[in-house]
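**Student:** Before we start, here is the structure in question, set down as structure tokens.
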Amino acid sequence: MPSGSCICGGLKYEFTGEGQGLALCYCLSCRKISGGTHTVNVMVPLDSLKVISPPGSEKTCTQRHETGMNLTVHFCGTCGGTIYKTADNKEFSGMAVVQVGTIDDSNFMEDSKPGIELFTKYRAPWVPAVEGTAQKAEF
Numbered sequence: 001m002p003s004g005s006c007i008c009g010g011l012k013y014e015f016t017g018e019g020q021g022l023a024l025c026y027c028l029s030c031r032k033i034s035g036g037t038h039t040v041n042v043m044v045p046l047d048s049l050k051v052i053s054p055p056g057s058e059k060t061c062t063q064r065h066e067t068g069m070n071l072t073v074h075f076c077g078t079c080g081g082t083i084y085k086t087a088d089n090k091e092f093s094g095m096a097v098v099q100v101g102t103i104d105d106s107n108f109m110e111d112s113k114p115g116i117e118l119f120t121k122y123r124a125p126w127v128p129a130v131e132g133t134a135q136k137a138e139f
């Protein structure tokens with residue numbers, strides 16, 4: 001069962017299954033969430049994700065995404081590290097978009113290759129596309 005946490009370890013989680021493939025997202029919201037050029041994500045069913053930290057450890061912030069959906073960021077109340085995102089549109093209904101860098105098993109990322117890159121219209125020109133990965137200008 002994959003598990004992970006924020007940088008301070010105050011917000012821990014686990015999920016069942018393997019997730020639905022890696023995706024890189026360059027949208028403007030993910031830039032702000034990551035503090036960099038993009039996020040690396042894996043989608044898992046929301047009902048398979050379990051936060052195992054004390055109540056109150058998880059905080060949320062909901063903002064309007066550039067597509068018009070409401071994007072909720074779930075993060076540690078102590079260090080601010082983002083763990084996952086949820087959204088109110090049909091594509092993400094019932095799903096958690098987990099930040100892959102928070103997963104404890106480093107092989108999870110190393111053994112996987114992204115299947116898709118999203119919002120490539122916002123990708124910095126100095127960031128190359130991942131060879132063989134589907135490219136979408138938006139969703």
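Residue numbering for the sequence shown follows the UniProt record's numbering, starting at 1 and increasing by one per position.
Cβ coordinates follow ideal geometry from the N, Cα and C atoms, glycine included.
1) Can you give the Cα-Cα distance for I83 and K121, rounded to whole angstroms?
2) Judging by CA-CA distance, which residue of C25, M1, T16, T78 is the nearest neighbour of Q135?
3) Please work out which residues of its chain come closer than 7 Å, Cβ to Cβ, to T16, disregarding the five sequence neighbours upstream and downstream, and give them in chain order.
4) Starting from M109, trace the alpha helix (DSSP H) both ways and give me its first and last residue.
5) When we look at the beta-carbon of L28 and count the other beta-carbons within 10 Å, is it buried (16 or more) or exposed?
**Tutor:** So, from the data block:
1) As a working note, residue 83 is residue 83 in the sequence shown. As a working note, residue 121 is residue 121 in the sequence shown. Rounded to the nearest angstrom, the two C-alpha atoms are 25 Å apart.
2) Against the sequence shown, residue 135 aligns to sequence position 135. Per the Cα distances, C25.
3) Mapped onto the sequence shown, residue 16 falls at position 16. Excluding sequence neighbours, T16 sits near M1, S48.
4) Along the sequence shown, one-based indexing puts residue 109 at 109. Where M109 is concerned, the enclosing alpha helix (DSSP H) stretches over 107-110.
5) Numbered from its first residue, the sequence shown carries residue 28 at position 28. Classification of L28: exposed, given that the 10 Å Cβ count is below 16.
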